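J.: Quick note, my numbering runs 759 ahead of the 1-based positions in the sequence shown.
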Amino acid sequence: MGPTASGKSAAAMALAARRPIEIVSVDSALVYRTMDIGTAKPSPDERARVPHHLIDLIDPAEAYSAARFVADARAAIDAVRERGRVPVLVGGTMLYFKALRDGLDEMPSADLAVRADIEREAATHGWDAMHRALAQVDPATAARLAPFDAQRISRALEVHRSSGRRLSDLQRGASSQGLSLFAISLEPSDRGVLHERIAGRFDAMLAAGFLDEVAALRARGDLDPRLPSMRCVGYRQAWDFLDGTIDRATMREQAIAATRQLAKRQITWLRSWSERTVVDSLAPDAIERVVDLATQFPPLQGEG
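(1) Grouping DSSP H, G and I as helix and E and B as strand, with all else coil, what is Asp928?
(2) Between which residues of its own chain and Ile957 is the CB-CB distance below 8 Å, once the five residues before and five after are set aside?
(3) In this structure, does DSSP put Val918 in helix, strand or coil?
(4) Can you tell me the Cα-Cα spacing of Leu1052 and Ser944, whole angstroms?
(5) With respect to the beta strand (DSSP E) encompassing Val992, which residues constitute its N-terminal and C-terminal limits?
(6) By Cβ distance, which residues of its chain are closer than 7 Å to Ala901, with the 5 residues on each side in sequence left out?
(7) Looking only at C-alpha atoms, which of Val790, Ser784, Leu970 and Leu953 sits nearest to Ala822?
(8) Please state whether the Cβ-Cβ distance between Val1050 and Ala858 is less than 7 Å.
(9) For Gln1055, which option in Ala942, Ala832 and Asp786 has the closest C-alpha, if you only look at C-alpha atoms?
(10) Assuming contact is defined by CB atoms lying nearer than 7 Å, are Thr883 and Asp786 in contact in what I supplied?
(11) Pick out whichever of Ala820, Ala869, Val829 and Arg842 has its Cα sitting closest to the Cα of Asp861.
(12) Please list the terminal residues of the continuous alpha helix (DSSP H) segment that includes Ala825.
(13) Could you tell me the boundaries of the beta strand (DSSP E) in which Asp1039 lies?
(14) Where does the unbroken alpha helix (DSSP H) through Glu821 begin, and where does it stop?
(15) Would a C-beta distance cut-off of 7 Å place Phe969 and Ile782 closer than the cut-off?
(16) Would you list the one or two residues that DSSP bridges to Ser784?
(17) Alpha carbons only, please: which of Ser1040, Val1037, Glu878 and Ala775 is nearest the one belonging to Leu916?
(18) Between the alpha carbons of Ala872 and Ser1040, how many angstroms are there, rounded?
(19) Given a cut-off of 7 Å on the beta-carbon distance, is the pair Ala826 and Leu863 in contact?
(20) Which residues in the same chain as Asp1006 place their Cβ atom closer than 8 Å to its Cβ, once the five residues preceding and following it in sequence are excluded?
(21) Between the C-alpha atoms of Glu880 and Ser922, what's the straight-line distance to the nearest angstrom?
(22) Are Gln996 and Gln1013 touching if we call contact CB-CB under 7 Å?
(23) Got a sec? Which residues, its chain only, sit under 8 Å from Ile706 by beta carbon, not counting five neighbours each side?
(24) With DSSP run on the structure shown, which of helix, strand or coil describes Ala1042?
(25) Among residues of its own chain, excluding the 5 on either side of Gln910, which ones have a beta-carbon nearer than 8 Å to its beta-carbon?
(26) Residue ranges of each beta strand (DSSP E) run of no fewer than 3 residues wholly in the region 941 to 992, ordered along the chain?
See below:
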């Protein structure tokens, strides 16, 4: 576990070189096909060396949920164990980790008519107003969501309007059995250094052709910036640049700022996860420490 740009993938690959593991991705962006550069997807060489699961599952026009993640992750974990290997969960989508650990209740199915009504209201009054509306009916959920988190505000309102139940109550009453996870968390001792890494990684993405990747997605004609896939950090800002609404320098600045905010939210989530072992992601021996800690997990003890 860890925030973006903390070195999770490198640590997992190092562990794979020494132990019989397969990697199960816990990343809500890596599920999308053809979104490779901006999501920092493992390279074909890395995926050839170590089996990776829950990557390239769906088209960017489709939606993915925490409930589907739990089902997919459980299936992948079982399959890895059947092969006599150890599943290692790697990623930074903390909601998915929580859903896997705590379980999920049966959520109401999507109500597209209610969702469309919410979108129209938001277009008229703004998402700040929708956040206030959510606070009136589900204050617990509203308290953990930012006023600009349109996707999650919309879903929480949709759940309440279609079922009469609060999302926070449904999540507290999780009925599906959770999993016990041995959690190692890569966390930076200096937030400023992490910010430098984030900026450097985005510049590397630009140099690798990220804008061409987004241009190809836009050229399909069936995607728009409101889709969950295009709300991924970097993609939304690149879309605006290609639309001509912002210049390149502003695009870069906004994308890096959005990624920093994502890292901040991830770290906040991690600090609420009491049963985790923290490794300073900036320590020179961070990868070695992760490998050593992971090998203390019973299924990895004594392996060659």
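Every residue, glycine too, gets a C-beta built ideally from N, C-alpha and C. Computed from a prediction, not measured in an experiment: that's the story for all the values here.
T.: Result, derived from the coordinates:
(1) Reduced to three states, the DSSP call for Asp928 is helix.
(2) Counting only residues of its own chain and dropping the five nearest sequence neighbours on each side, Ile957 has a CB closer than 8 Å to the CB of Thr763, Ala764, Ile1015, Thr1018, Arg1019 and Ala1022.
(3) In the structure shown, the three-state DSSP call for Val918 is helix.
(4) Distance between the alpha carbons of Leu1052 and Ser944 is about 11 Å.
(5) In the DSSP annotation of this structure, Val992 is not part of any beta strand (DSSP E), being labelled neither H nor E.
(6) If we look at Ala901 and ignore the five residues flanking it on each side, its Cβ neighbours are His890, Leu893 and Ala894.
(7) Minimum Cα distance to Ala822 is reached at Val790.
(8) No, the Cβ-Cβ distance between Val1050 and Ala858 is not below 7 Å.
(9) Check the Cα spacing between Gln1055 and each of Ala942, Ala832 and Asp786: the tightest is with Ala942.
(10) No, these two residues do not count as a Cβ contact at 7 Å.
(11) When each option's Cα is compared against that of Asp861, the closest is Val829.
(12) Per DSSP, Ala825 belongs to the alpha helix (DSSP H) from Ala825 to Glu841.
(13) From DSSP, the beta strand (DSSP E) with Asp1039 extends over Arg1035 to Asp1039.
(14) Glu821 -> no alpha helix (DSSP H), and no H or E assigned at all.
(15) Between Phe969 and Ile782, the CB-CB gap reaches or exceeds 7 Å.
(16) Paired residues: Val849.
(17) Looking at the Cα atoms, Glu878 is the closest of the given residues.
(18) Rounded to the nearest whole angstrom, the CA to CA distance from Ala872 to Ser1040 is 45 Å.
(19) A Cβ-Cβ contact shorter than 7 Å links Ala826 with Leu863.
(20) The answer, listed in chain order, is Phe1000.
(21) Whole-angstrom Cα-Cα distance: 19 Å.
(22) Cβ atoms of Gln996 and Gln1013: closer than 7 Å.
(23) Beyond the ends of the chain as shown, which are 760 and 1063, falls residue 706; an answer cannot be given.
(24) Three-state result, Ala1042: coil.
(25) Only residues of its own chain outside the window of five on either side were considered, and among them Pro987 and Arg990 have a CB closer than 8 Å to the CB of Gln910, listed in chain order.
(26) List check, beta strand (DSSP E) in window: 942 to 946.
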